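FYI, the numbering for the sequence shown is 0 to 242, going by numbering that gives the first Met the number 0. To start, the structure under review is shown below, and the notes come after it.
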Amino acid sequence: MRMESTKHGWQLHRAPLGLKLSISLLVVTLSAGLLASQFLVSQSLHGSDHWTWPSMEQLRLKYAASPLERAILTQMAQYLDKPTEAAPVVAWSQAGGERSTYYEHVAPVLDRRCLRCHGGESTRGDVDLSTWGDLAPLALSRGPAWGDLLRNTHLHLFGISLLLFLAGVLLWCSRWSRWLQLGLPLLAFVALLADIGGWWLSRHFEPAIYLVMSGGLLMTAGLTACLVLVLFDMWRPGPKSSA
Ligand code: HEC
0 MRMESTKHGW
10 QLHRAPLGLK
20 LSISLLVVTL
30 SAGLLASQFL
40 VSQSLHGSDH
50 WTWPSMEQLR
60 LKYAASPLER
70 AILTQMAQYL
80 DKPTEAAPVV
90 AWSQAGGERS
100 TYYEHVAPVL
110 DRRCLRCHGG
120 ESTRGDVDLS
130 TWGDLAPLAL
140 SRGPAWGDLL
150 RNTHLHLFGI
160 SLLLFLAGVL
170 LWCSRWSRWL
180 QLGLPLLAFV
190 ALLADIGGWW
200 LSRHFEPAIY
210 LVMSGGLLMT
220 AGLTACLVLV
230 LFDMWRPGPK
240 SSA
């Protein structure tokens, strides 16, 4: 009985040793790149160097919150006397950043804690928070700056789709079942689109951060599984030579 699929002759476990070695090196290098990307994601979400599991709150702050809310709850939180000072500013930004309520709820906090760096002479980070008009763009927009999101979308779609295609082709040249060979790359492709679609949707519809989380996880899992299966199959002994 032959469990192995031999529908085509392109099977990597039968390839010459040199080719198997170089493909193995490629797979190991890609896996290391994948690992690095997980640290990069973690770092971009909470700003420090150690790895932590991404949380929904971190994703919300990055993809669905206003730049003002993001800053005052993360990087700029250190300038508040106590964390509760952020609450009125956050609530105001979430409620639509109205001019009428700005003077009562927001201006006093910014005056006390922020304007020494973001008003008048000093506009650190090119951010001016002196007036409602200066603040409005930071309070009313959502998610990362448009240009940053566009650049990341471009890089991810071009880079990762090629990686997934390559992993899919390598998996196709293995002895795993057709279901795995087709299913895993397909899953990873759909997950990639969900992840990146989620980045854009979250700006208008906060629950789309769940797409970002699940898409990111499934894409990483799918690609990792492809790479592991390719490597394993390539060095797994064949069925009793070619008898
Ligand atoms: C001691 C100076 C200082 C104080 C006080 C300060 N900031 Fe900042 N802020 C900075 C610097 C420097 C940057 C640029 C940081 C960077 O680009 O990494 C910045 C950047 C920002 C940004 C842009 C963040 C981004 O992602 O580009 C916002 C928004 C901001 N600050 C809001 C605030 C708010 C709100 C307060 C008051 C709670 C505050 N800052 C207090 C120095 C300060």
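C-beta atoms are modelled at their ideal positions from N, C-alpha and C, and glycine is treated no differently. This structure is a prediction, so every number in the text was calculated from the model and none was measured.
Buried is the label assigned to Trp198, since at least 16 other Cβ atoms lie within 10 Å of its Cβ. Beta-bridge partners of Thr122 (DSSP): His117. Taking Leu149 as reference, the option from Ile195, Leu58, Asp125, Ala138 with the minimal CA-CA separation is Ile195.
Secondary structure of Arg235 (DSSP, three-state): coil. Put simply, the backbone Cα of Phe157 is about 17 Å away from that of Gly146. Placement of the Cβ of Arg235 at a distance of 6 Å or more from every heavy atom of ligand 1 is found. One alpha carbon belongs to Gln42, the other to Gly215, and they sit about 15 Å apart. Annotated as proximal: Ile208 and Leu58, with beta-carbon spacing under 7 Å.
Look at Leu137: its beta carbon is less than 6 Å from one of the heavy atoms in ligand 1. Per DSSP, reduced to three states, the secondary structure at Pro107 is helical.
Closest by C-alpha distance to Gln37, out of Gly237, Leu109, Thr219, His117, is Thr219.
For Lys61, the uninterrupted alpha helix (DSSP H) run begins and ends at 55 to 62, by DSSP. The residue from Leu183, Gly124, Ala193 with its alpha-carbon nearest to that of His155 is Ala193. Excluding its 5 nearest sequence neighbours in each direction, Ile159 has C-beta neighbours in its own chain below 7 Å: Leu191, listed in chain order. Contact between Leu162 and Ser65 does not hold, since their C-beta atoms are separated by about 33 Å, which reaches or exceeds 8 Å. The beta carbons of Cys172 and Leu11 sit about 5 Å from each other, so the pair counts as a contact at 8 Å.
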